[in-house]
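Peer 1:
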Amino acid sequence: MKKYTFTEKIDTRSGFGDALTELGKTNKNVVALCADLIGSLKMGDFKKQNPERFFQIGIAEANMMGIAAGMTIGGKIPFTGTFANFSTARVYDQIRQSIAYSDKNVKICASHSGLTLGEDGATHQTLEDIGMMKMLPGMVVINTCDYNQTKAATLAITDYVGPVYLRFGRPKVPNFTPENQKFEIGKAIQLTEGKDVTIIATGHLVWEALQAAEKLHEQGVEAEVINIHTIKPLDNEAILKSVVKTGCVVTCEEHSYLGGLGESVARVLSENTPFPQEFVATQDTFGESGTPEQLLEKYGLNDVAIVKAVQKVLTRK
1 MKKYTFTEKI DTRSGFGDAL TELGKTNKNV VALCADLIGS LKMGDFKKQN
51 PERFFQIGIA EANMMGIAAG MTIGGKIPFT GTFANFSTAR VYDQIRQSIA
101 YSDKNVKICA SHSGLTLGED GATHQTLEDI GMMKMLPGMV VINTCDYNQT
151 KAATLAITDY VGPVYLRFGR PKVPNFTPEN QKFEIGKAIQ LTEGKDVTII
201 ATGHLVWEAL QAAEKLHEQG VEAEVINIHT IKPLDNEAIL KSVVKTGCVV
251 TCEEHSYLGG LGESVARVLS ENTPFPQEFV ATQDTFGESG TPEQLLEKYG
301 LNDVAIVKAV QKVLTRK
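In my numbering, the protein residues as written are 1 to 317.
As structure tokens, then:
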């Protein structure tokens, strides 16, 4: 099987920040708004280079969403920046009414998503945001896996006209996708080829899925790993093509199994050609304080958990 290596470990939020800085130079309509988290969102360089196009809103996230929606009327392309929990749950009404329902060209950029926010604990971690955002009509939902993909996605959504939710994270993770890989909204990326099981992963769990595939290969199991970076619109064709071949699937996400990627995949299968599926995701629970590694292990969101899920789903074929 194809083996992946990484050049370095770097946080995905830096991919967003570097892309935003680049956009500041290439697109005069791009503006940035932040809710008192410039350093955390890596927006400092954009602010320094484009002070007239940066707006510090303070800890007033609902106001930030309303301002961003209004800016689009004048042709601006607003990028909002705060933690994923505050980008969604705290401001859901404003996003629904002023951005989604009004079909405004706002890019909602959310860092510190999932459990890997770490020591800040359950009040800041979010395991419900993908479900909340994918339910909104017209909202594109993207969850990137590494620095390069986050940077490419940030650049790509600038050219897309309409509301987008871009989800990325805090910890340093392996950077393994090609630097020049084109980011296509709604197009899955097949990373390995296999005949026994399909592993569909998103975000930080893509690398864990690749590590699981290597372990499975040593056990004689050939896993086909697919990176679903766009959860909505979902690449139904890629999912069905793979699962019809392998006969079973494991979905992997740093999110609740309720409302996340796994449920979207289950819907596609149920509407077309049902196959056995196992979910690697958090259960009906909040998170807690701990290091990212501790939390991923405790909540079953690592390569070991993926291998176990594959072993289980293979017995159901």
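By construction, the Cβ of each residue, glycine as well, lies at the ideal position given by its N, Cα and C atoms.
These numbers come from a predicted model, not from an experiment.
If you pair each beta-carbon of the segment 85–100 with each one of the segment 11–26, do three or more pairs fall below 8 Å?
Peer 2: The segment 85–100 is not in contact with the segment 11–26.
Peer 1: When burial is assigned at 16 or more other CB atoms within 10 Å of the CB, is P137 buried or exposed?
Peer 2: To locate residue 137, count along the sequence shown from 1; it is residue 137. Exposed: under 16 other Cβ atoms inside 10 Å.
Peer 1: Can you list, in chain order, the residues of its chain whose CB lies under 6 Å from that of Q190, leaving out five sequence neighbours each side?
Peer 2: By one-based count along the sequence shown, residue 190 stands at place 190. Hits under 6 Å: I226.
Peer 1: Compare the C-alpha of L314 against each of T198, G290 and V268 and name the closest.
Peer 2: Position 314 of the sequence shown holds residue 314. If we check each option's Cα against that of L314, T198 comes out closest.
Peer 1: Which one of E297, T230 and H217 has the shortest CA to CA distance from S264?
Peer 2: Along the sequence shown, read from residue 1 onward, the residue named residue 264 stands at position 264. For S264, the nearest C-alpha among the options comes from T230.
Peer 1: Quickly, what does DSSP pair S364 with across the bridge? List them, please.
Peer 2: The shown model of the chain, from 1 to 317, leaves out residue 364, and the question about it has no answer.
Peer 1: What did DSSP end up calling F16 once you bin it into helix, strand or coil?
Peer 2: As a position in the sequence shown, residue 16 is number 16, starting the count at 1. Helix at F16.
Peer 1: Going by the CB atoms, is the gap between L258 and T251 shorter than 8 Å?
Peer 2: Counting from 1 along the sequence shown, the entry for residue 251 is found at position 251. Counting from 1 along the sequence shown, the entry for residue 258 is found at position 258. No, these two residues do not count as a Cβ contact at 8 Å.
Peer 1: Going along the chain, which unbroken runs of the alpha helix (DSSP H) with 4 or more residues stay wholly within the segment 193–271?
Peer 2: Segments of the alpha helix (DSSP H) lying fully in the segment 193–271: 205–218 and 236–246.
Peer 1: Can you tell me the Cα-Cα spacing of K104 and K76, whole angstroms?
Peer 2: Within the sequence shown, residue 104 is the residue found at index 104, counting from 1. Within the sequence shown, residue 76 is the residue found at index 76, counting from 1. Between K104 and K76, the C-alpha separation is close to 10 Å.
Peer 1: May I ask you to list the residues that DSSP assigns as paired with C109?
Peer 2: The residue labelled residue 109 in the question sits at position 109 within the sequence shown. Looking at the DSSP assignment, C109 forms a beta bridge with G81 and L166.
Peer 1: When DSSP labels each residue in this structure, what does I185 get in the three-state scheme?
Peer 2: Position 185 of the sequence shown, counted from the start, is the residue given in the question as residue 185. The answer is coil: DSSP assigns I185 none of H, G, I, E or B.
Peer 1: What are the residues that DSSP puts in a beta bridge with V31?
Peer 2: Indexing the sequence shown from 1 puts residue 31 at position 31. BP columns for V31 point to P78.
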